[in-house]
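Start counting the sequence shown at 215; every next residue gets the next number (the working numbering).
Scroll down for the structure; my scribbles are underneath it.
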Amino acid sequence: AKGTFLLGVRFVLAESYERIHRSNLVGMGVLPLQFHDGQNAQSLGITGHEVFSIAIDDTLRPGQAIHVVLKDAKTGETRTVPTICRIDTAVEVDYYRNGGILQTVLKKLLDEGKSPASTATQKAPAAKVGKRAAKKPASGKPTGKKQPASKAAKRPAKPATKKATKPAPQKAGKKPAAKKR
Numbered sequence: 215a216k217g218t219f220l221l222g223v224r225f226v227l228a229e230s231y232e233r234i235h236r237s238n239l240v241g242m243g244v245l246p247l248q249f250h251d252g253q254n255a256q257s258l259g260i261t262g263h264e265v266f267s268i269a270i271d272d273t274l275r276p277g278q279a280i281h282v283v284l285k286d287a288k289t290g291e292t293r294t295v296p297t298i299c300r301i302d303t304a305v306e307v308d309y310y311r312n313g314g315i316l317q318t319v320l321k322k323l324l325d326e327g328k329s330p331a332s333t334a335t336q337k338a339p340a341a342k343v344g345k346r347a348a349k350k351p352a353s354g355k356p357t358g359k360k361q362p363a364s365k366a367a368k369r370p371a372k373p374a375t376k377k378a379t380k381p382a383p384q385k386a387g388k389k390p391a392a393k394k395r
């Protein structure tokens, strides 16, 4: 669907669609149209030398009948072919009207930025100074591996050098663990 869009195709007319292909077309802002049952390019005499055009307004609805105007490039003759709009949901209508999913998301983000309620929450807090502020990334997620608190609290700190260290006191009734070499 991305290639179709980048080639400048604004609608696709086919006998049927796979679910994901139809959805991808809508997501890229390309209108999927389908022939009526029993019709196809061959039965309608479509050769591929025609210029296709459609007229769509803001009243586009899922499953709406849309007429495609075919103008023969050689003879100049025009005719109309009835088709079915294969935008199947109201959400997909919004995606198509905005030019695709990416444009819809961008528009929503920009609209949220303009609302008075969200401007107060978008102000950045004053910069923190210190070790915690430097270690915490902008995403708000801690860096490094997460460990359960119970294991982290029980694990003794490792010495920085290989000096002899005093063994940790053992609880009563437990044997000291054998050292591996």
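Ideal placement from N, C-alpha and C gives every residue a C-beta, glycine not left out.
As the structure is a prediction and not an experimental result, all values here were calculated from the model.
When C-alpha distances from THR297 are compared across ASP272, SER230, HIS281, the shortest belongs to HIS281.
DSSP places SER237 within a helical segment (H, G or I) once states are collapsed to three. Bounds of the alpha helix (DSSP H) holding GLN317 are 315-328. DSSP places THR218 within a helical segment (H, G or I) once states are collapsed to three. Residues CYS299, ILE301, VAL307, TYR310, ARG311 of the same chain have their beta carbon placed closer than 8 angstroms to that of LEU274, with the five preceding and five following residues left out of the count. In the structure shown, the three-state DSSP call for ASP286 is strand. Each residue's CA atom was taken as its position, placing LEU324 and SER237 some 24 angstroms apart. Here the C-alpha atom of VAL223 lies approximately 16 angstroms from the C-alpha atom of HIS263. By the beta-carbon neighbour count (other beta carbons within 10 angstroms, threshold 16), GLY241 is buried.
Here GLN278 has CYS299 as same chain residues with Cβ atoms under 7 angstroms from its own Cβ, once five neighbours each way along the sequence are excluded. Counting along the chain, GLU264 sits inside the beta strand (DSSP E) bounded by residues 264-268. When the five nearest sequence neighbours on each side are left out, the beta carbons in the same chain lying within less than 8 angstroms of the beta carbon of THR292 are those of VAL283, LEU284, LYS285, ASP286, in order along the chain.
Taking a 10 Å sphere around the C-beta of LEU316, we find fewer than 16 other C-beta atoms and assign the residue as exposed.
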